[in-house]
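Single-structure report; data block below.
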Amino acid sequence: MKFFEPAASPDTPPNQLSSATTPNARDRTDNTLAESGPLAVRHVARPRSYSSTVSTPLKRKFTPIAQPPCSALRLQQQRPHQQQHQIQLSSPLRRRLFGTTAGTRGKDDYMQIPSEPERGERLADRIARAMGSVLPQSTREQYFAYKKAEDLWIECRVQGEYTPGEEIPTKSKFWYEECDMVPCLRNWCAISGLHVWLIMVRLRHIKERERAKLWQQFLINHFFYDIEDILVKRHKVDARTKRQKVLKETYEQFRYAILSYDEAFIRGDAAMAAALWTTLFMMREDMDFHKLAVIVSYMRRILSGLEKLDEQTILDAQVYFGNPINELEVVEKLSVKPGGSGSGSSRK
Numbered sequence: 031m032k033f034f035e036p037a038a039s040p041d042t043p044p045n046q047l048s049s050a051t052t053p054n055a056r057d058r059t060d061n062t063l064a065e066s067g068p069l070a071v072r073h074v075a076r077p078r079s080y081s082s083t084v085s086t087p088l089k090r091k092f093t094p095i096a097q098p099p100c101s102a103l104r105l106q107q108q109r110p111h112q113q114q115h116q117i118q119l120s121s122p123l124r125r126r127l128f129g130t131t132a133g134t135r136g137k138d139d140y141m142q143i144p145s146e147p148e149r150g151e152r153l154a155d156r157i158a159r160a161m162g163s164v165l166p167q168s169t170r171e172q173y174f175a176y177k178k179a180e181d182l183w184i185e186c187r188v189q190g191e192y193t194p195g196e197e198i199p200t201k202s203k204f205w206y207e208e209c210d211m212v213p214c215l216r217n218w219c220a221i222s223g224l225h226v227w228l229i230m231v232r233l234r235h236i237k238e239r240e241r242a243k244l245w246q247q248f249l250i251n252h253f254f255y256d257i258e259d260i261l262v263k264r265h266k267v268d269a270r271t272k273r274q275k276v277l278k279e280t281y282e283q284f285r286y287a288i289l290s291y292d293e294a295f296i297r298g299d300a301a302m303a304a305a306l307w308t309t310l311f312m313m314r315e316d317m318d319f320h321k322l323a324v325i326v327s328y329m330r331r332i333l334s335g336l337e338k339l340d341e342q343t344i345l346d347a348q349v350y351f352g353n354p355i356n357e358l359e360v361v362e363k364l365s366v367k368p369g370g371s372g373s374g375s376s377r378k
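Written out as structure tokens, the structure is:
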């Protein structure tokens, strides 16, 4: 309901204007409207039904937020010997965990201090276990294959590992001391690529073809990740264009070596020795072919051992290479000496 007030005339007292708007003075208001002629009408605010002062909004009190059982302030105020077992949280995570009222979360919903066995578990392991429970099978297979392919690659790379200025490791002594190979990036790539091929031969026999391709690709990826890492950290090749050029040349050499080993694997030991002489030793004229026979025997032994392993053992990365120098005795028994027949070469 709206009330209207006539415009004030010069002769009208202020008390009459205020009384004209009350319900008891309706008759007097009608008479005043009739006598005043043209009207200047304005809206009058409806009277409040409750009393209010200017300072009332300033005096309102808000309900304080109840503190959760384990607040961020308590975590910061704990003693040093108690803080070593606490989980370090970032500021957004603290706000997400503790910036709520007690009515919206239960007591068990807040972060609890982990029990004693759980404290030793790494955060990465807990994340992997949590993701494995919700991810589809195909995604879990990719994560598993990536991690295990890295373990297989580590076993391949240590066969020709070296560090400039330090002693050659035991596993690498055959290549750098017996075979007179220079410890450098090119030779390390050739030795590591040879062992990658040995693993790839076994991975090709996995029942599911797509799974076999996935594992081979991850193994090759780790190979070239480490090559780029060595270029940056050891050889200080900071220019991206130079690294890409080296990686491209290394990849072409690796592809050529894979094709050569595949062909030689079918044709026989003589073809395998020729492939090793071409790809691994770069057709050296002073090559000791007795060492080539040792390497061929070593490769045959590794391939035979991988063939006997079941698929799950391969996928669990339970593969360990031996030392090629152990094949010297086998080659000596089967070799034909220039002066006559060897001890193990006579046939009846």
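Under this note's numbering, the first residue of the sequence shown carries the number 31, and numbering increases by one thereafter. Where is the CB? At the ideal position from N, CA and C, for every residue including glycine.
Cβ shell of residue i (< 6 Å), same chain only, five flanking positions each side left out
i	result
residue 321	209
residue 361	323, 324, 327
residue 190	202, 205, 218, 221, 222
residue 180	252
Cutoff 7 Å; reference residue i; Cβ partners in own chain excluding five residues on either side
i	result
residue 260	215
residue 186	222, 225, 226, 229
residue 354	204, 324, 325, 328
residue 242	233, 234, 236
residue 291	227, 305
residue 211	205, 217
residue 307	313, 317, 322
Residue i, DSSP secondary structure in three states
i	result
residue 238	coil
residue 251	helix
residue 219	helix
residue 365	coil
residue 267	coil
residue 197	coil
residue 292	helix
residue 214	coil
residue 276	helix
residue 179	helix
residue 204	helix
residue 191	coil
residue 360	helix
Classification of residue i by the beta-carbon crowding that lies within 10 angstroms, buried from 16 upward
i	result
residue 192	buried
residue 334	exposed
residue 344	buried
residue 319	exposed
residue 302	buried
residue 309	buried
residue 339	exposed
residue 182	buried
residue 359	exposed
residue 287	buried
residue 160	exposed
residue 294	buried
residue 244	buried
residue 357	buried
Residues of its chain near residue i, where Cβ-Cβ distance is below 8 Å and the 5 sequence neighbours each way are ignored
i	result
residue 273	258, 261, 262, 267
residue 207	198
residue 352	328, 331, 332
* Mind the definition here: the stretch 277 to 290 touches the stretch 250 to 269 only if three or more C-beta pairs lie below 8 Å; say whether that holds. => yes
* Answer yes if the stretch 246 to 254 comes into contact with the stretch 171 to 183, meaning at least three C-beta pairs across the two stretches below 8 Å, and no otherwise. => yes
* alpha helix (DSSP H) runs contained entirely in the stretch 292 to 324, provided each spans 4 or more residues -> 299 to 309
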